[in-house]
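Chains as they are written, first to last, in the numbering used here: chain R, 552 to 773; chain G, 176 to 418.
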């Protein structure tokens, strides 16, 4: 257990210090949301209507951004081999790394939502719903992305293929995330139904992500 | 144990050489019967007219689009669990076939949809989930093409295939839920009991024909892949001997 705690602390430290990629995601999120009015025009009524969808898409793309470094940096400096050989189960180690990754890249996106929601003219109630759905949904994006990151690190030139592998798998999270956020704003379905399914998807990703990623690392790096 | 016998690629190749001509003959024969039944015997639909004939191509393609992923998933288990040498060959050979059947399913569906719904594409639940399936096939193909070492590529593709096998039903459910939310009941539904036997029998024959076509193409593609790997190994040996 202390090994996992040390791993969590180390990954968070590496991410927030100089050279870590943690602030990049939020910056990218901000840029995406800023680009949308340039494409659609500054019609605040329109932006308010599609605001939850814009925020979700932006967060989805931003969460992809740092994913390829999740295992690649450890693979380059050899610490991934140490994790593979250690007595800690690889699945738990992968889950810990994913948790650290979410704390440093996913959580800032959720915290940034209130500011960005202001740009899109969202009501406080809708803003809260978007933030809540992202808080529940972004861990699923990270844990699904873990599989892609593990596959990509064994290929040595991950980059682009990572997005191609991960994005189709995130469709259910996007559907129920946006649906829950929208239903809080306008209806027609009650908030609870899509939101609980979103929670379920996140829980499923907690199981599938670490196991598949650990299998990919074991088979790919041996 | 026949499956273990087939682990020897040479034995598999000789089996394929014996079986393949018969399969080709059977495929052509069943296609001839099926197309005759579908195009000339089966009646036109009283509402859709002759366009209903597209269904005899469209529906078997949709069946095979899903069946190919099942074949790939079983092969992926063979790769990861039993390390069967032919499993990754089978998975690799099935991926482009699955993508092709899925593409044909989308294409024929879109040609059928134009006169029926007035649009080549609608964001209906079934259409959208087949589109996602097509994208997943392309992702698997992209993964196969990224790695030059076949056995490494096989294990990476196997994990993606299995993750996809778990996720595809979830995606299907989500997309259905999303589609009913957006546009309720705009698409006609052919329930199983409402199909008359004059349509159902040709459809099943065409399904069998496409299944035989898949089997033929899959075995031929597996044979080609084994030969391609042998050529690759020989080239590598030659390069090493020359150096």
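Each residue gets a CB set at the ideal place from its N, CA and C atoms; glycine is no exception.
Residues of chain G whose Cβ lies closer than 9 Å to the Cβ of residue 705 of chain R are, in chain order, 322, 327, 330, 331. At least 8 Å separates the CB of residue 249 of chain G from every CB of chain R. Distance check between residue 622 of chain R and each of R:753, R:754, R:704, R:751 places R:704 closest, using alpha-carbon atoms only. In this structure, residue 255 of chain G lies away from residue 394 of chain G, with their beta-carbon atoms at least 8 Å apart. With a beta-carbon spacing of about 6 Å, residue 656 of chain R and residue 573 of chain R fall inside the 8 Å limit used to define contacts. At least one CB atom of chain G sits nearer than 8 Å to the CB of residue 771 of chain R. For residue 712 of chain R, the closest Cβ of chain G is nearer than 8 Å. The Cβ atoms of residue 760 of chain R and residue 668 of chain R do not sit closer than 8 Å to each other. Secondary structure at residue 758 of chain R: helix, using DSSP grouped into helix, strand and coil. Rounded to the nearest whole angstrom, the CA to CA distance from residue 210 of chain G to residue 331 of chain G is 40 Å. The beta carbon of residue 716 of chain R sits closer than 8 Å to some beta carbon of chain G. Residue 340 of chain G sits away from residue 238 of chain G, with the two beta carbons spaced by 8 Å or more.
Secondary structure of residue 400 of chain G (DSSP, three-state): helix. The region 738-752 of chain R and the region 709-728 of chain R touch, with no fewer than 3 CB-CB distances between them shorter than 8 Å. Taking residue 649 of chain R as the centre and dropping the five residues before and after it, the same chain places the C-beta of 693, 694, 697 closer than 6 Å to its C-beta, in chain order. Residues of chain G whose Cβ lies closer than 9 Å to the Cβ of residue 698 of chain R are, in chain order, 334, 335, 338.
Across the structure, residue 248 of chain G and residue 270 of chain G are spaced so that their CA atoms are roughly 11 Å apart.
Contact check for residue 676 of chain R against residue 732 of chain R fails: the beta carbons are separated by 8 Å or more. Fewer than three pairs of CB atoms, one per stretch, sit closer than 8 Å, so the region 584-604 of chain R makes no contact with the region 636-649 of chain R. Looking at R:749, R:741, R:700, the one whose alpha-carbon comes closest to that of residue 345 of chain G is R:749. In chain order, 216, 217, 218 place their CB closer than 8 Å to the CB of residue 373 of chain G, counting only its own chain and leaving out the 5 sequence neighbours on each side.
The DSSP assignment places complete alpha helix (DSSP H) segments of no fewer than 4 residues inside the region 621-705 of chain R at 630-636, 641-652, 658-670, in order along the chain. For residue 307 of chain G, the residues of chain R that pass the 9 Å Cβ criterion are 719, 722, in the order they occur in the chain.
Around the C-beta of residue 264 of chain G, 16 or more other C-beta atoms lie within 10 Å, and the residue is accordingly described as buried.
The continuous alpha helix (DSSP H) containing residue 597 of chain R extends over residues 595-616. Contacts with chain R at 8 Å (Cβ-Cβ) include residue 314 of chain G.
In the three-state DSSP reduction, residue 393 of chain G falls in the helix class (H, G or I). Neighbourhood of residue 763 of chain R in chain G, by CB distance below 9 Å: 334, 335, 337, 338, 341, in chain order. In the three-state scheme derived from DSSP, where H, G and I count as helix and E and B as strand, residue 744 of chain R is classed as helix. In the DSSP assignment, residue 236 of chain G falls within the alpha helix (DSSP H) that extends over 230-252.
Any Cβ of chain R closer than 8 Å to the Cβ of residue 266 of chain G would place that residue at the interface, and such an atom is absent.
Just so you know, the alpha carbons of residue 246 of chain G and residue 253 of chain G end up roughly 11 Å apart. Rounded to the nearest whole angstrom, the CA to CA distance from residue 285 of chain G to residue 403 of chain G is 36 Å.
Within the region 282-311 of chain G, those residues whose Cβ lies closer than 8 Å to any Cβ of chain R are, in chain order, 307, 310, 311.
Within chain R, not a single residue places a beta-carbon under 8 Å from that of residue 274 of chain G; the smallest gap is close to 13 Å. Residue contact check for residue 261 of chain G against chain R: no CB pair falls below 8 Å.
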